[in-house]
Structures are given as C-alpha cells and as structure tokens.
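Trainee: In our numbering, the protein residues as written are 792 to 1074.
Where a beta carbon is used, it is the ideal one built from N, C-alpha and C, also for glycine.
Here is the structure:
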C-alpha cells in the first residue's frame, strides 16, 4: 500500500484548495455556518456511525462496484508497526472523482449519479464516510485518478488563520477547544491503491482505543456483510494474526459463502462453505 503524502504544489486534480477557500470564507463571514458544520459532523460521529465503520466502508465499495458495473472486491487490512497502526480499505470499482470529493467534504450530498437508483447501490459516500473520524484524525482516499486527505492539525491552523480576521469565528473555536469540522477541509494527496484495486481509504489510527475498535470490527466481519451487499463478491480481512477471505456466489435459490484462510490473491486454505436462503421485501 502506498501511504498518502501531501501533493506537490500545483497538483490538485479535485480542486481541494478552492474548496477549502470557499469553506473558510463562509466560516469567516458567518460563524453560524461554522457552528452548523461542526454540529453536523459531531452528530454523525457520535450518533451511531462509530460502530458502523467497516459497514460504511463496505457500502462505499459496493456502490463503487455498481457504478463501474464490476464485481466488487474489498480488502480490509490492519497494518501494524512499532510507532503506527493503519487501517486500509481497498476496493475495486469506479475511482474517486470531483463529485465524490464534494460528497466526502459536505456531509450532506450523495455521489450517486443520475439513474443510480436503478442500480443495486446502497453506498452513501459522504455522510457515511464520517465514520472514519471515529478512529482517525488523518484519513485519506487514494485512487488511480488522484487522492485527497484530511489533517486535523492543518485544518485547525487554517481555521485559526481565518479567525484572526473574524472575531466571531475565533469565539467559536475557543468555545469548541479548537475542534473544527475536519472533513470540510480536504487537501490534495499523492499515493495510490494496491495492485488490483482502484481506490483505498487509508486511516492512521488515532490511539489505542481506535486500534482496539478497528480490531473488534474486523473480527466481526462475517457472512452478513456479503449477504447485505450483493454488489460485493469478496471481502478479505488481513491482520497481523492472519488473513481470511469471504467469497460470495449465487446458486439459486441459495447464496453460497465460502470462507478460506490465506492470501486474498490465491485460492487460500480450504475452509467452510455455507449456504443461505435470503428474502427480499419491497415497500
């Protein structure tokens, strides 16, 4: 996996500098807008998305696969070293584009295209992405078309600089102990997804609690995720303790889930095969 780095000057395929300028200017002109953005992000992080981190990443992967018309594959990897832990979610499907960046940065919009309602797409790239803030202050999305990242320290510094000329914004920052709505201020990033994938979400884990949450959520990945998201045909979970791969195939009237241990790029060690009958309801 290529770790995100700040983009070279002049490299900004998704116009993040312009987006930041627009947001910062709106905060300076109307501290109430800053308060609205901060409350919206806080509500999403504290309002139940924390334990849905892996589900939201999987939903976004399924949506990307549906938009590209391909079978979706998702690889969830917990990288550990002496000084840092990183959760990465690599997926196949439509790569990141300007519309997706806008959704990621607004917390309100959806990146679904016109006609997307006709596809089996359940992803909510935008609102659901706020779940990453449960574990990381420096999330990034790296795609074969370019990358974006967020950095809490840089976002705070940018807000403080603007607040020098906006006493009302300065008061809001003081009241919130310098907490800023992080996702509203994206930066361009360099880096790319691992081979065989189109996009990767990279989440440097904030602390031991974030690491424990990531471990728990990865351990809980089971058949239900593939059953709920037919746009995904494979989910691989890689941790220092080993790798397991869940693969889905349809054998009407059953959905078959095969679980193997081993590298996601190989057949793996033979494991369990489970057959499920599912029911769908309309209305």
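Measuring alpha carbon to alpha carbon, tell me which residue in 795, 873, 978 and 1023 is nearest residue 1047.
Mentor: Answer by Cα proximity: 1023.
Trainee: Output the boundary residues of the beta strand (DSSP E) element that contains residue 978.
Mentor: Looking at the DSSP string, the run of the beta strand (DSSP E) that includes residue 978 is 978–981.
Trainee: According to DSSP, is residue 818 part of a helix, a strand, or is it coil?
Mentor: Residue state, collapsed to three classes: helix.
Trainee: Do residue 946 and residue 795 have their beta-carbon atoms positioned less than 8 Å apart in this structure?
Mentor: No, the pair does not count as a contact, with Cβ atoms beyond the cut-off.
Trainee: What do you reckon, are the CB atoms on residue 883 and residue 861 nearer than 8 Å?
Mentor: Yes. Within cutoff.
Trainee: Could you pull the start and end residues of the beta strand (DSSP E) that residue 885 belongs to?
Mentor: Counting along the chain, residue 885 falls outside any beta strand (DSSP E), and DSSP gives it neither H nor E.
Trainee: Determine the burial state of residue 914: buried for a count of at least 16 other Cβ atoms within 10 Å of its Cβ, exposed for fewer.
Mentor: Residue placement at residue 914 is poorly supported in this model, since its pLDDT is 39, which falls under 50; the coordinates are not used for a value here.
Trainee: Under the DSSP definition of a beta bridge, which residues are partnered with residue 870?
Mentor: 877, per the DSSP bridge assignment.
Trainee: Taking only the alpha-carbon atoms, compute the straight-line gap between residue 984 and residue 821 and give it to the nearest angstrom.
Mentor: The alpha-carbon atoms of residue 984 and residue 821 are separated by roughly 38 Å.
Trainee: List the whole-angstrom C-beta distance separating residue 974 from residue 921, where the pair is believed to meet the contact cut-off of C-beta under 8 Å.
Mentor: Contact holds; Cβ gap of about 7 Å.
Trainee: Going by beta carbon distance, what residues of the same chain come within less than 6 Å of residue 948, once the five residues before and after it are set aside?
Mentor: Taken in chain order, the list of residues that qualify is empty.
Trainee: Going by beta-carbon coordinates alone, are residue 845 and residue 1009 separated by less than 8 Å?
Mentor: Yes, they are a contact pair.
Trainee: Using a Cβ-Cβ cutoff of less than 6 Å, which residues in the same chain neighbour residue 840 once the five nearest sequence positions on both sides are dropped?
Mentor: Excluding residues within five positions, the ones whose Cβ falls inside 6 Å are 921 and 922.
Trainee: DSSP three-state label for residue 797, please.
Mentor: It is a strand residue.
Trainee: Under a three-way DSSP split, which group does residue 1024 fall into?
Mentor: Strand, per DSSP.
Trainee: To the nearest angstrom, how far is it from the Cα of residue 868 to the Cα of residue 1030?
Mentor: Those two C-alpha atoms are separated by around 6 Å.
Trainee: Quick one: give me the first and last residue of the alpha helix (DSSP H) that residue 960 is part of.
Mentor: Residue 960 -> alpha helix (DSSP H) spans 958–966.
Trainee: Measure from the alpha carbon of residue 976 to the alpha carbon of each residue in 1000, 1013 and 896, then state which is nearest.
Mentor: The option with the nearest alpha carbon to residue 976 is 896.
Trainee: Once DSSP output is grouped into helix, strand and coil, what is the label at residue 988?
Mentor: The answer is coil: DSSP assigns residue 988 none of H, G, I, E or B.
Trainee: Can you list, in chain order, the residues of its chain with a C-beta nearer than 7 Å to that of residue 1069? Leave out the 5 residues immediately preceding and following it.
Mentor: The answer, listed in chain order, is 1018 and 1046.
Trainee: With a threshold of 6 Å on Cβ separation, who are the neighbours of residue 953 within its own chain once the five nearest residues in sequence on each side are excluded?
Mentor: Hits under 6 Å: 815 and 819.
Trainee: Which of the three DSSP states, helix, strand or coil, is assigned to residue 852?
Mentor: In this structure, residue 852 counts as helix in the three-state DSSP scheme.
Trainee: With DSSP collapsed to three states, give me the class of residue 929.
Mentor: Looking at residue 929 - three-state DSSP - the assignment turns out to be coil, as it is neither helix nor strand.
Trainee: Compute the distance between the beta-carbons of residue 968 and residue 936, then report whether it is under 8 Å.
Mentor: Their beta carbons are not under 8 Å apart, which means residue 968 does not touch residue 936 by this criterion.
Trainee: From the DSSP secondary-structure annotation, give me the bridge partner or partners of residue 995.
Mentor: Paired residues: 877.
Trainee: According to the neighbour-count rule (16 or more other Cβ atoms, all chains shown, within 10 Å of its Cβ), is residue 957 buried or exposed?
Mentor: With 16 or more Cβ atoms within 10 Å of its Cβ, residue 957 is classed as buried.
Trainee: Using beta-carbon positions only, say whether residue 918 and residue 835 come within less than 8 Å of one another.
Mentor: Going by C-beta atoms, residue 918 is nearer than 8 Å to residue 835.
Trainee: Check for me: the alpha helix (DSSP H) holding residue 951 runs from which residue to which?
Mentor: Segment 943–954, the alpha helix (DSSP H) holding residue 951.
Trainee: Buried or exposed: where does residue 852 fall if 16 or more other Cβ atoms within 10 Å of its Cβ makes it buried?
Mentor: Buried: at least 16 other Cβ atoms inside 10 Å.
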